[in-house]
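Q: Residue numbers (the numbering used here), protein chains in the order written: chain A, 9 to 488; chain B, 9 to 488.
One structure, pasted below without further comment.
Here it is in structure tokens:
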């Protein structure tokens with residue numbers, strides 16, 4: 009895999025601020041930053057965390073080359089002592105993150121970075137870019153696979169992705185979120201995302217007839233025959249030719265054709281009619297794949313109409329999350345340490361209530377009901393708080409504080425893992441295959457009400473009493 | 009700049025088809041493919057071509073490493089002779105493309121590839137991915153800069169981009185389309201897109217007061233003072249502190265502060281009030297920048313409301329083209345050569361009339377009115393046709409053929425350049441700075457009716473009589 013140094017993939021103001029902290033002698037003050045998001049795309053009930061492996065690569069590669077230093081010097085606004093600092097840069101931060109594949113919710117810190125102000129600030133752009141992108145696509149993939157109700161969903165969107173990484177890492181994120189594979193070969197070679205595909209319309213056009221095109225394909229790939237049947241006329245030509253070649257394949261080699269693909273037209277009608285024709289010809293096992301600008305809404309709608317589709321190839325609407333192509337993660341200062349090493353929580357107020365941050369260096373816990381195995385809610389606490397599962401726990405709403413719920417017979421799990429300890433990586437990313445399985449298990453812990461597309465229930469993300477009090481005190485102090 | 013070999017960034021079916029053509033002995037048959045699009049995003053009147061330089065890099069780098077061969081062998085569906093062909097792969101195609109920065113229209117071939125079937129097919133995914141992405145962003149940037157009516161527009165979206173190239177090459181495309189700069193440092197280092205930026209809210213929060221934060225910034229960057237004024241309260245605190253520090257900067261160093269930035273709240277109201285305060289304090293030259301989830305519609309709306317904004321920082325809605333995040337370019341077979349080297353035009357029919365392709369190996373001409381300098385229309389011809397500008401030319405509508413227009417006193421220009429000749433690059437990409445200037449000049453050749461956001465006039469993209477007849481004959485022949 010090609011290693012790229014993405015250290016310079018950052019907003020220019022990260023450098024002006026870094027140099028500024030350096031010059032003012034406060035660059036080494038320890039600061040705490042949280043990455044979190046405020047709402048789930050498409051009005052969904054949860055998002056699927058993704059991108060942590062690439063974030064770790066970024067931190068591990070963080071360094072400034074002589075070329076970078078020369079570029080920065082040419083900008084004539086950074087001091088030589090700062091450039092020397094960059095030349096000898098060593099990453100010293102602690103980093104925590106929610107593991108990939110975990111369902112996550114608005115308001116909870118997905119990534120926390122603690123370390124020298126100058127460093128903890130600098131990594132903002134890449135943390136947001138990496139997690140925002142992959143979480144967006146994993147979340148969309150999870151919606152689409154849910155709509156497909158157990159049918160296969162494949163990611164087919166490379167050609168419409170927003171840039172090369174949009175395709176490559178988008179395929180990875182889609183797999184984490186639930187897709188069974190991709191069309192993207194590079195994602196298979198480098199990230200072990202199973203890639204597949206058979207033929208385009210141009211294959212069919214290159215032969216003198218559709219039959220000859222299918223026949224040629226079956227000669228070469230007898231084990232992987234999925235015929236694209238909509239180049240001329242699906243029901244009059246495509247399906248009959250597919251059946252004819254499937255029969256010959258069976259007669260000549262004893263191999264069953266895998267199926268057909270519909271890439272245009274009325275998928276509901278055509279799939280139902282094609283199914284009848286395949287069944288009547290004795291090919292009940294031949295599958296029907298559909299792939300025409302689909303998303304979770306169209307997939308669900310097709311199934312409501314009784315479409316006989318066994319697998320879906322999803323392109324542009326998945327790889328760009330077309331209906332909502334932005335995951336709005338932000339990265340905010342949560343605390344700084346004073347000279348004595350005491351943590352001073354920081355809050356960012358706003359006239360928009362939902363833009364007020366939750367201060368302090370925090371921990372995140374997820375509580376599971378022991379009877380059902382279902383997730384009860386997440387609790388944000390001050391970093392050193394523990395939740396003792398042998399005692400009842402009071403979940404209460406951070407705004408409507410009279411809304412309380414006492415939970416008993418539960419298990420508690422810290423939601424995040426530590427990735428870096430004083431700049432050294434202390435976490436091994438799981439295989440993407442394991443992440444995908446973990447995602448399926450974790451989504452299973454959510455109640456159906458959280459999972460529906462329209463008006464899902466809001467999952468509890470509450471604050472501990474201690475954290476709630478801290479936030480309120482800071483809010484009171486801000487009142488002018 | 010890090011070189012990446014993106015040869016394997018392709019759909020798996022490109023390989024199954026390539027191996028298939030190879031095995032059937034038709035891999036070297038010469039084929040002609042066109043890349044074109046069917047509609048302009050956001051209902052616009054034109055798109056801005058971008059991505060050609062990256063496409064050239066891709067073609068120049070096209071080769072298969074031993075690692076790639078090993079991966080393909082592991083898939084157990086490709087012949088050893090095919091893998092040997094890939095090992096010795098040499099790109100032999102001819103490639104033509106519309107230069108970057110050119111306004112382009114639905115239905116015209118933006119890229120044409122002619123060469124051995126096996127190769128001309130294989131490059132489909134990367135041509136589409138590259139041109140679709142950058143053309144999407146350049147087109148959006150052009151809309152936003154048009155809305156800003158001469159004010160500065162900067163691209164600020166890295167953190168919300170869809171992957172790393174989405175940020176890096178998105179900044180490049182945005183610059184081509186009309187932005188004056190970016191926040192993305194890597195795009196500046198590698199692509200000479202001017203990057204800039206000053207401070208985030210966290211800078212302001214890190215000091216004991218807003219005044220001290222601004223003062224510290226002015227100490228270090230006296231020549232580049234743009235104060236972010238919305239951390240606490242824009243009019244009660246942010247602007248007064250900015251004015252105080254600006255006065256001190258002037259008194260102490262004789263330097264004028266550059267301006268202030270608004271990143272939240274009611275930009276129309278706040279900018280008008282802030283303008284009054286700055287003017288009253290004698291800082292008529294301090295500029296006001298706005299940057300809060302803006303796009304062309306909000307920019308236009310702000311200006312209609314009389315907002316006093318001098319420059320716009322545009323993030324997620326530009327870097328993802330949020331309102332329409334997909335550019336739907338397609339890549340279709342247009343012709344093949346027979347054994348005698350005769351070009352056989354190919355058509356792809358569809359029940360959707362707009363999905364019917366225009367067959368044949370084509371040329372594209374743009375006609376300009378000599379009196380006004382304005383573009384009159386584009387004409388697609390068979391490849392060997394010339395348009396003699398000394399004679400009147402009849403433009404006619406390809407569907408409503410009675411709609412004709414005779415043009416005289418015009419200049420004709422082939423719209424495309426040749427990039428590769430038998431696999432060798434014969435084109436030097438211009439500097440991105442020159443592309444940007446060229447784009448401004450070329451957009452100036454479009455009538456205002458084409459440029460408006462709502463219901464723009466449809467620009468003429470016509471066929472020559474010869475090409476129109478060819479298309480009609482093929483359509484007649486398809487009729488079942």
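The beta-carbon is built from N, C-alpha and C at its ideal position, and this holds for glycine as well.
In this text, all values refer to a predicted model and were calculated from it rather than measured experimentally.
Would you grab the beta carbon distance between residue 192/B and residue 179/B for me? Rounded to a whole angstrom, and I think it's under 8 Å.
A: At roughly 4 Å, the Cβ-Cβ gap stays under 8 Å, so residue 192/B and residue 179/B are in contact.
Q: Does any CB atom of chain B fall closer than 9 Å to the CB of residue 10/A?
A: Bear in mind that a pLDDT of 47 at residue 10/A, under 50, signals an unreliable position, so the model cannot answer this.
Q: Since residue 426/B meets chain A, which of its residues come closer than 7 Å, beta carbon to beta carbon?
A: Correct list: empty, because the minimum Cβ distance to chain A is about 23 Å.
Q: Kindly indicate which residue of 216/A, 183/A and 95/A has the alpha-carbon position closest to the one of residue 200/A.
A: The option with the nearest alpha carbon to residue 200/A is 183/A.
Q: Which residues of chain B have a Cβ atom closer than 9 Å to the Cβ of residue 344/A, listed in chain order?
A: Correct list: 213 and 214.
Q: With residue 132/B and residue 22/B assumed to form a contact (beta carbons below 8 Å), what rounded beta-carbon distance in angstroms separates them?
A: Rounded, the Cβ-Cβ distance is 6 Å, consistent with contact.
Q: Where do the ends of the beta strand (DSSP E) carrying residue 39/A lie?
A: 38-44 is the extent of the beta strand (DSSP E) around residue 39/A.
Q: Got a sec: which bits of the stretch 440-456 of chain B sit with their beta carbon under 7 Å from any beta carbon on chain D, in order along the chain?
A: Chain labels in this structure do not include chain D; the protein chains are A and B.
Q: Could you pull out every residue in the same chain whose Cβ sits closer than 6 Å to the Cβ of residue 500/A, ignoring the five residues on either side in sequence?
A: For chain A, the structure presents residues 9 to 488; residue 500/A sits outside this window and is missing.
Q: So what does residue 230/A bridge to, in DSSP terms?
A: None; residue 230/A has no bridge partner.
Q: Using beta carbons (cut-off 9 Å, strictly below), is residue 360/A in contact with chain B?
A: Yes - at least one Cβ of chain B is within 9 Å of the one on residue 360/A.
Q: Could you have a look at residue 16/A and say whether DSSP puts it in helix, strand or coil?
A: Looking at residue 16/A - three-state DSSP - the assignment turns out to be coil, as it is neither helix nor strand.
Q: Shorter than 9 Å from the beta carbon of residue 293/B to some beta carbon of chain A?
A: Answer no: the Cβ-Cβ gap between residue 293/B and chain A never drops below 9 Å.
Q: Please report the straight-line C-alpha distance between residue 241/B and residue 234/B, rounded to a whole angstrom.
A: Roughly 16 Å between the two C-alpha positions.
Q: Which of the three DSSP states is assigned to residue 297/B in this structure?
A: Of the three classes helix, strand and coil, the one that applies to residue 297/B here is strand, per DSSP.
Q: Jot down the residue ranges of each uninterrupted beta strand (DSSP E) in the stretch 315-398 of chain B, minimum 3 residues, whole runs only, in chain order.
A: Within the stretch 315-398 of chain B, the complete beta strand (DSSP E) runs of at least 3 residues are 319-322, 338-345, 351-353, 370-377 and 383-390.
Q: For the stretch 108-128 of chain A, which residues have a CB atom closer than 7 Å to at least one CB atom of chain B, in sequence order?
A: Residues passing the 7 Å Cβ filter: 125.
Q: Hey, which unbroken runs of the beta strand (DSSP E) at 3 residues or more fall wholly within the stretch 137-222 of chain B?
A: DSSP runs (the beta strand (DSSP E)) wholly in the stretch 137-222 of chain B: 160-163.
Q: If you reduce the DSSP assignment to three classes, tell me which class residue 302/B lands in.
A: Residue state, collapsed to three classes: coil.
Q: I need the DSSP call for residue 265/B, collapsed to helix, strand or coil.
A: Coil at residue 265/B, not helix or strand.
Q: Could one say the Cβ of residue 103/B lies closer than 9 Å to chain A's Cβ atoms, at least one of them?
A: Not closer than 9 Å to any Cβ of chain A, the Cβ of residue 103/B fails to qualify, so no.
Q: Drop a sphere of 10 angstroms on the beta-carbon of residue 400/A, count the other beta-carbons inside from all chains shown, and report buried for 16 or more, exposed for fewer.
A: By the 10 Å Cβ count, residue 400/A comes out exposed.
Q: Run through the DSSP bridge pairs and tell me what residue 429/B is partnered with.
A: In DSSP, residue 429/B forms a bridge with 432/B.
Q: Could one say the Cβ of residue 481/B lies closer than 9 Å to chain A's Cβ atoms, at least one of them?
A: Not closer than 9 Å to any Cβ of chain A, the Cβ of residue 481/B fails to qualify, so no.
Q: Please state the DSSP three-state secondary structure of residue 417/B.
A: If DSSP states are grouped into helix, strand and coil, residue 417/B belongs with coil.
Q: Along the beta strand (DSSP E) that carries residue 104/B, what are the first and last residues, could you check?
A: Taken as a continuous stretch (DSSP letters only), the beta strand (DSSP E) holding residue 104/B covers 102-105.
Q: Determine the extent of the alpha helix (DSSP H) in which residue 403/A is found, giving its start and end residues.
A: Element bounds for residue 403/A: not the alpha helix (DSSP H) but the beta strand (DSSP E), 401-404.
Q: Can you give the Cα-Cα distance for residue 335/B and residue 325/A, rounded to whole angstroms?
A: Computed Cα separation, rounded: 11 Å.
Q: For residue 209/B, which residues in chain A fall below 9 Å Cβ to Cβ?
A: Per Cβ cutoff of 9 Å: 340, 341 and 356.
Q: Check the Cβ-Cβ distances between residue 192/B and every residue of chain A, and say whether any is below 9 Å.
A: Interface residue, yes.
Q: Can you tell me which of the three DSSP states residue 112/B falls into?
A: Reduced to three states, the DSSP call for residue 112/B is strand.
Q: Which one or two residues does DSSP pair with residue 438/B in a beta bridge?
A: DSSP output for residue 438/B lists no bridge partner at all.
Q: Taking C-beta to C-beta, are residue 370/A and residue 357/A nearer than 9 Å?
A: Taking 9 Å as the Cβ cut-off, residue 370/A and residue 357/A do not qualify as a contacting pair.
Q: Quick check on residue 42/A - is its C-beta less than 9 Å from some C-beta in chain B?
A: Not one chain B Cβ lies under 9 Å of residue 42/A.
Q: Which bits of chain B does residue 232/A rub up against, with CB to CB less than 7 Å?
A: 85, listed in chain order.
Q: For residue 113/A and residue 467/A, which I take to be in contact (beta-carbon distance under 8 Å), what is that distance rounded to the nearest angstrom?
A: Confirmed, Cβ separation roughly 5 Å.
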